[in-house]
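Top to bottom, those sequences are chains U and B. Everything in the first sequence is counted per UniProt numbering, starting at 1 for the first residue and increasing by one. Everything in the second sequence is counted per UniProt numbering, starting at 1 for the first residue and increasing by one. What follows is a short report on a single structure.
Number of protein chains: 2
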Amino acid sequence: MSWKQTKLTEMLSIATPIIQAGMAGGSTTPDLVAAVSNAGGLGTLGAAYLSPEAMREAIRKIREKTTRPFAVNLQIPPPYEESPQVTRRMRKHLQSYEKKLGVPREEKSPPSISFSDQMRVVLEEKVPVFSFTFGIPEPELIKQLRDNQTVTIGTATTVNEAVELEKRGVDAVAAQGFEAGGHRGTFQSVADYPYIGSMALIPQVVDHVSIPVIASGGIMDGRGILASLALGAAGVQMGSAFLTTLESGAHPLYKEALLQTTDESTVITKAFSGRPARGIRNAFIQEMERHPEPIPPFPIQNALTKPLRKFAAKQNNLEYMSLWGGQASALGRLEPAGELMERLQQEVEDLVSRF
Amino acid sequence: MSWKQTKLTEMLSIATPIIQAGMAGGSTTPDLVAAVSNAGGLGTLGAAYLSPEAMREAIRKIREKTTRPFAVNLQIPPPYEESPQVTRRMRKHLQSYEKKLGVPREEKSPPSISFSDQMRVVLEEKVPVFSFTFGIPEPELIKQLRDNQTVTIGTATTVNEAVELEKRGVDAVAAQGFEAGGHRGTFQSVADYPYIGSMALIPQVVDHVSIPVIASGGIMDGRGILASLALGAAGVQMGSAFLTTLESGAHPLYKEALLQTTDESTVITKAFSGRPARGIRNAFIQEMERHPEPIPPFPIQNALTKPLRKFAAKQNNLEYMSLWGGQASALGRLEPAGELMERLQQEVEDLVSRF
Numbered sequence: 001m002s003w004k005q006t007k008l009t010e011m012l013s014i015a016t017p018i019i020q021a022g023m024a025g026g027s028t029t030p031d032l033v034a035a036v037s038n039a040g041g042l043g044t045l046g047a048a049y050l051s052p053e054a055m056r057e058a059i060r061k062i063r064e065k066t067t068r069p070f071a072v073n074l075q076i077p078p079p080y081e082e083s084p085q086v087t088r089r090m091r092k093h094l095q096s097y098e099k100k101l102g103v104p105r106e107e108k109s110p111p112s113i114s115f116s117d118q119m120r121v122v123l124e125e126k127v128p129v130f131s132f133t134f135g136i137p138e139p140e141l142i143k144q145l146r147d148n149q150t151v152t153i154g155t156a157t158t159v160n161e162a163v164e165l166e167k168r169g170v171d172a173v174a175a176q177g178f179e180a181g182g183h184r185g186t187f188q189s190v191a192d193y194p195y196i197g198s199m200a201l202i203p204q205v206v207d208h209v210s211i212p213v214i215a216s217g218g219i220m221d222g223r224g225i226l227a228s229l230a231l232g233a234a235g236v237q238m239g240s241a242f243l244t245t246l247e248s249g250a251h252p253l254y255k256e257a258l259l260q261t262t263d264e265s266t267v268i269t270k271a272f273s274g275r276p277a278r279g280i281r282n283a284f285i286q287e288m289e290r291h292p293e294p295i296p297p298f299p300i301q302n303a304l305t306k307p308l309r310k311f312a313a314k315q316n317n318l319e320y321m322s323l324w325g326g327q328a329s330a331l332g333r334l335e336p337a338g339e340l341m342e343r344l345q346q347e348v349e350d351l352v353s354r355f
Numbered sequence: 001m002s003w004k005q006t007k008l009t010e011m012l013s014i015a016t017p018i019i020q021a022g023m024a025g026g027s028t029t030p031d032l033v034a035a036v037s038n039a040g041g042l043g044t045l046g047a048a049y050l051s052p053e054a055m056r057e058a059i060r061k062i063r064e065k066t067t068r069p070f071a072v073n074l075q076i077p078p079p080y081e082e083s084p085q086v087t088r089r090m091r092k093h094l095q096s097y098e099k100k101l102g103v104p105r106e107e108k109s110p111p112s113i114s115f116s117d118q119m120r121v122v123l124e125e126k127v128p129v130f131s132f133t134f135g136i137p138e139p140e141l142i143k144q145l146r147d148n149q150t151v152t153i154g155t156a157t158t159v160n161e162a163v164e165l166e167k168r169g170v171d172a173v174a175a176q177g178f179e180a181g182g183h184r185g186t187f188q189s190v191a192d193y194p195y196i197g198s199m200a201l202i203p204q205v206v207d208h209v210s211i212p213v214i215a216s217g218g219i220m221d222g223r224g225i226l227a228s229l230a231l232g233a234a235g236v237q238m239g240s241a242f243l244t245t246l247e248s249g250a251h252p253l254y255k256e257a258l259l260q261t262t263d264e265s266t267v268i269t270k271a272f273s274g275r276p277a278r279g280i281r282n283a284f285i286q287e288m289e290r291h292p293e294p295i296p297p298f299p300i301q302n303a304l305t306k307p308l309r310k311f312a313a314k315q316n317n318l319e320y321m322s323l324w325g326g327q328a329s330a331l332g333r334l335e336p337a338g339e340l341m342e343r344l345q346q347e348v349e350d351l352v353s354r355f
């Protein structure tokens, strides 16, 4: 049996067990999603910060470019408590940055997006696969997705979270290791974020659930893919590796920065969004490490820093952008997504033939 | 070619690329070391806290039990600065524990051990393999070891450290991932401990050195071994998996505690030794997290907490012992080391035949 045939590829009707992660923030263009799906993997639209209209438009564009399955990824809104005083003080603190960088006033109020409006689009468009993070959809929503024949993929950062996802009827689980770039998907223990490395997390999750386990965190090439399959995963989800592809909508300087990282370049920080996420340690992260006041919870801090991040991107200023990336980002390449998909599969083939 | 034949097995003249880690503190009995070596792997005497006499005796016992290669592991004394005030305050703080637990006075002054005396034993006994952590031996020492035909294995927690080890003439490098139990081997950046997960660390180290890379951190069974080889490692080093073997000298309750962990049970703490190390989060760690005063550096804190730890072990009190273990300790079993070695190899064989 080929390494490509797993219970995940069967469940998703894809040819190779490689999922491009649904990264929020504009990198997962319809071109990227379609290229991955056309190459036999599963492309994912990272729709968390898209309006319902923008989501629908992106989904339709993807469907123009591919007839293969693809996924849409959203964040389940996590519970949080706002302290108006903490928010006020952080807003004031960030205004000093905005002044320093010259952020224009019109950048300052991002529209808020409703999760239920986003979910309506997922249901109406009958997307083939719905993946999510930060929580578990309500039972009614899971039922509607099932009625729609939409396959569901949840995100777990611990064995317990994976077990909970299976119990709630989710079809597959992405086990997110400590190495992963971007936001931690943790939802059972918001106060105390558990950090489990992929090498330890994947086999333990595999032993505790019967749904397919998708390894994620630090996987950048054929070596990581075969390692994940050896650990018992039925497939992999890769984020950073796709961020630097030509089709990715990530800022060109951000792509370059990822390729220039070392294993020591990234940290997990709450500075940008109020929720732990891994990215390249730049000036904003370092300055916020020294800032003595508390950071408002997600999504408040995320909204508060958005104008700054957006303006910094326009100014090509990497020091104030959120440069999410995993601990092995240095292994990436600037290449078309289809070529990356070809290369990954060839690398696995070559390795398999050695054992 | 069999998965067992790697440049590591060739270099070490062993039959299978599995190294039992040189854990300090009494778990690596001559019986354990010899059992692993007799099973075709490389057993390691964790000699860091042994007197030269005890080291010599253990080495001779190992040689009575096996004619195969084995290793001796030591800690290269890391630089540190003592603040007498910090030490004094910590000693006072720990006295409150000693009173509470009733630690007798004679337990209170552990003899200090000289690294150069330990090294003399390594050289005089012409041990086949010398592995080390926390630093790199002086060039003269590396030369003497080479003249002795002793193979050297250093510990790296980052790509930079691995490159430095190779540059200094070390023969092989153990790449220690974030998941690993026990002390972090970090030596280039004492102020800022880098935590890189195995999935990200191993391939990046492999790409930057030409000496054999030994994966360590979170590897507990055949899945972890094959995953490590897929990532490019020439072998693995496993600690927690051997702690629970019958021959291990670890406290019986400590073995049981390891087997009852989950993926979330361990944390990296400086509480016991002044240096970050991963272990089961017990009362002492939790109480020290709340203790507002600074912890003296290694090895001061290690010496200060030794009477408490030793007495707690005698009292079967797990809450004040250092319960070092990795993030996948739950995958261990209570079994003879020879059976574990057999099982590991069989598991890899079974997996290899599936790809």
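Note that beta-carbon positions come from the ideal geometry of N, C-alpha and C, so glycine has one too.
For a quick check, are the C-beta atoms of Gln188/U and Thr158/U less than 8 Å apart? Within the first sequence, the letter at position 188 stands for residue 188/U. Within the first sequence, the letter at position 158 stands for residue 158/U. For Gln188/U and Thr158/U, yes; Cβs fall inside 8 Å.
Using a Cβ distance threshold of 8 Å, determine whether the segment 198 to 211 of chain U contacts the segment 240 to 249 of chain U, with at least three qualifying pairs required. no
Answer yes or no: does any C-beta atom of chain U fall closer than 8 Å to that of Pro203/B? What you label residue 203/B is simply residue 203 of the second sequence in a count that begins at 1. True, the Cβ-Cβ gap to chain U drops below 8 Å.
Does Gly177/B get closer than 8 Å to chain U when you measure Cβ to Cβ? Translated into the one-based positions of the second sequence, residue 177/B becomes position 177. Yes, Gly177/B lies at the interface with chain U (some Cβ there is under 8 Å from its Cβ).
In this structure, does DSSP put Gln20/U in helix, strand or coil? For the purposes of this step, residue 20/U is identified with residue 20 of the first sequence, where counting begins at 1. Looking at Gln20/U - three-state DSSP - the assignment turns out to be strand.
What separation, rounded to the nearest whole angstrom, lies between the Cα atoms of Phe355/U and Phe132/B? In the first sequence, residue 355/U corresponds to position 355, counting from 1. In the second sequence, residue 132/B corresponds to position 132, counting from 1. So the two alpha carbons sit approximately 30 Å from each other.
Pairwise C-alpha distance: Ser210/U and Gly332/B: Position 332 of the second sequence, counted from the start, is the residue given in the question as residue 332/B. Position 210 of the first sequence, counted from the start, is the residue given in the question as residue 210/U. For Gly332/B and Ser210/U, the distance between alpha carbons rounds to 21 Å.
DSSP three-state label for Val190/B, please. On the second sequence, position 190 is the one that residue 190/B refers to. Caution is warranted here: a pLDDT of 48 is assigned to Val190/B, below 50, making its placement in the model unreliable, and no coordinate value can be reported.
Chain-ordered chain B contacts of Phe355/U [CB-CB under 7 Å]: By one-based count along the first sequence, residue 355/U stands at place 355. Result: Trp3, Val352, Phe355.
Going by Cα to Cα distance, which pick from Pro137/B, Asp171/B, Asn148/B is closest to Glu10/B? As a position in the second sequence, residue 10/B is number 10, starting the count at 1. Ranking Pro137/B, Asp171/B, Asn148/B by Cα distance to Glu10/B puts Asp171/B first.
Suppose contacts are defined by Cβ-Cβ distances below 8 Å. Is Ile18/U in contact with Ile225/U by that definition? As a first step, residue 18/U must be located in the first sequence, where it is residue number 18. As a first step, residue 225/U must be located in the first sequence, where it is residue number 225. Against a cut-off of 8 Å, the Cβ pair of Ile225/U and Ile18/U comes out as a contact.
Put Arg278/U into one of helix, strand or coil per three-state DSSP. As a first step, residue 278/U must be located in the first sequence, where it is residue number 278. Arg278/U: strand per DSSP, three-state reduction.
Write down every uninterrupted run of the alpha helix (DSSP H) in the segment 24 to 109 of chain U whose length is 4 residues or greater and which is fully enclosed by it, in chain order. 30 to 38, 52 to 65, 84 to 101
Using only the alpha-carbon positions, how far apart do Ala15/U and Glu339/U sit? Position 15 of the first sequence, counted from the start, is the residue given in the question as residue 15/U. Position 339 of the first sequence, counted from the start, is the residue given in the question as residue 339/U. Their Cα atoms are separated by approximately 16 Å.
Assess contact between the segment 95 to 107 of chain B and the segment 308 to 321 of chain B, defined as three or more Cβ pairs (one per stretch) separated by less than 8 Å. Is contact present? yes
Check whether the segment 225 to 239 of chain B and the segment 295 to 306 of chain B touch, using three or more Cβ-Cβ pairs below 8 Å as the test. no
How would you label Met341/U, buried or exposed, when you count the other beta carbons within 10 angstroms and need 16 or more for buried? Mapped onto the first sequence, residue 341/U falls at position 341. The residue is buried, with at least 16 neighbouring Cβ atoms inside 10 Å.
Val129/U: first and last residue of the uninterrupted beta strand (DSSP E) it sits in: Sequence index remark: in the first sequence, residue 129/U carries index 129 (1-based). First-last of the beta strand (DSSP E) with Val129/U: 129 to 133.
Check the Cβ of Asp117/U against every Cβ in chain B and list those closer than 7 Å, keeping chain order. Working through the first sequence from its first residue, we reach residue 117/U at position 117. Going along chain B, no residue has its Cβ under 7 Å from Asp117/U, so there is no contact; the nearest lies around 35 Å.
Express the C-alpha separation of Gly325/U and Glu179/U in angstroms, rounding to a whole number. Here the question's residue 179/U lines up with position 179 in the first sequence. Here the question's residue 325/U lines up with position 325 in the first sequence. Whole-angstrom Cα-Cα distance: 9 Å.
Would Arg68/U be called buried (16 or more neighbouring beta carbons within 10 Å of its own) or exposed? Within the first sequence, numbered from 1, the residue matching residue 68/U stands at position 68. Classification of Arg68/U: buried, given that the 10 Å Cβ count is 16 or more.
Would you mind sorting Pro111/U into buried or exposed? The rule is 16 or more other CB atoms within 10 Å of its CB. Residue mapping note: residue 111/U aligns to position 111 of the first sequence, counting from 1. Counting Cβ neighbours within 10 Å, Pro111/U comes out exposed, since fewer than 16 surround it.
Within 8 Å of chain B by C-beta, residues of the segment 320 to 342 of chain U in sequence order: Gly326, Gln327, Ala328, Ala330, Leu331
Assigned secondary structure, Met238/U (DSSP; H/G/I helix, E/B strand, else coil): As a first step, residue 238/U must be located in the first sequence, where it is residue number 238. The answer is strand: DSSP assigns Met238/U an E or B state.
Minimum Cβ-Cβ distance from Glu264/B to chain U less than 8 Å: Translated into the one-based positions of the second sequence, residue 264/B becomes position 264. Yes, Glu264/B lies at the interface with chain U (some Cβ there is under 8 Å from its Cβ).
Excluding sequence positions up to five away, which residues of its chain have a Cβ less than 7 Å from the Cβ of Leu12/B? For this step, residue 12/B is matched to residue 12 along the second sequence. Here the set comprises Leu42, Pro69, Val129, Val151.
When you compare only the Cα positions, how much space is there between Gln260/B and Thr66/U? Counted from its first residue, the second sequence places residue 260/B at position 260. Counted from its first residue, the first sequence places residue 66/U at position 66. Their Cα atoms are separated by approximately 48 Å.
For the segment 156 to 184 of chain U, which residues have a CB atom closer than 8 Å to at least one CB atom of chain B, in sequence order? Thr158, Val159, Asn160, Gly177, Phe178, Glu179
Between Ser265/B and Arg281/B, is the Cβ-Cβ spacing less than 8 Å? Counting from 1 along the second sequence, the entry for residue 265/B is found at position 265. Counting from 1 along the second sequence, the entry for residue 281/B is found at position 281. Closer than 8 Å, so yes.
Determine, using beta carbons only, whether Leu165/B and Ile202/B come nearer to each other than 8 Å. The count along the second sequence starts at 1 and reaches residue 165/B at position 165. The count along the second sequence starts at 1 and reaches residue 202/B at position 202. Taking 8 Å as the Cβ cut-off, Leu165/B and Ile202/B do not qualify as a contacting pair.
Please classify Ser116/U as buried or exposed, where buried requires at least 16 other C-beta atoms within 10 Å of its C-beta. For this step, residue 116/U is matched to residue 116 along the first sequence. That one is exposed.
Tell me whether His183/U sits in a helix, a strand or coil according to DSSP, three-state version. Taking the first residue of the first sequence as position 1, residue 183/U is located at position 183. His183/U: strand per DSSP, three-state reduction.
On the DSSP bridge assignment, give the partners of Gln176/U in chain order. Taking the first sequence and counting its residues from 1, one reaches residue 176/U at position 176. DSSP output for Gln176/U lists Ser216/U as bridge partner(s).
Listing by chain order, which chain B residues have their CB less than 9 Å from the CB of Pro79/U? Numbered from its first residue, the first sequence carries residue 79/U at position 79. Near Pro79/U there are no residues of chain B at all, since even the closest Cβ is about 20 Å away, more than 9 Å.
Using 8 Å as the limit for Cβ to Cβ distance, is Ala271/U near chain B? Taking the first residue of the first sequence as 1, we reach residue 271/U at position 271. Answer no: the Cβ-Cβ gap between Ala271/U and chain B never drops below 8 Å.
Please say whether Ala175/U and Ala215/U have beta carbons closer to each other than 8 Å? Taking the first sequence and counting its residues from 1, the one referred to as residue 215/U is at position 215. Taking the first sequence and counting its residues from 1, the one referred to as residue 175/U is at position 175. Cβ atoms of Ala215/U and Ala175/U: closer than 8 Å.
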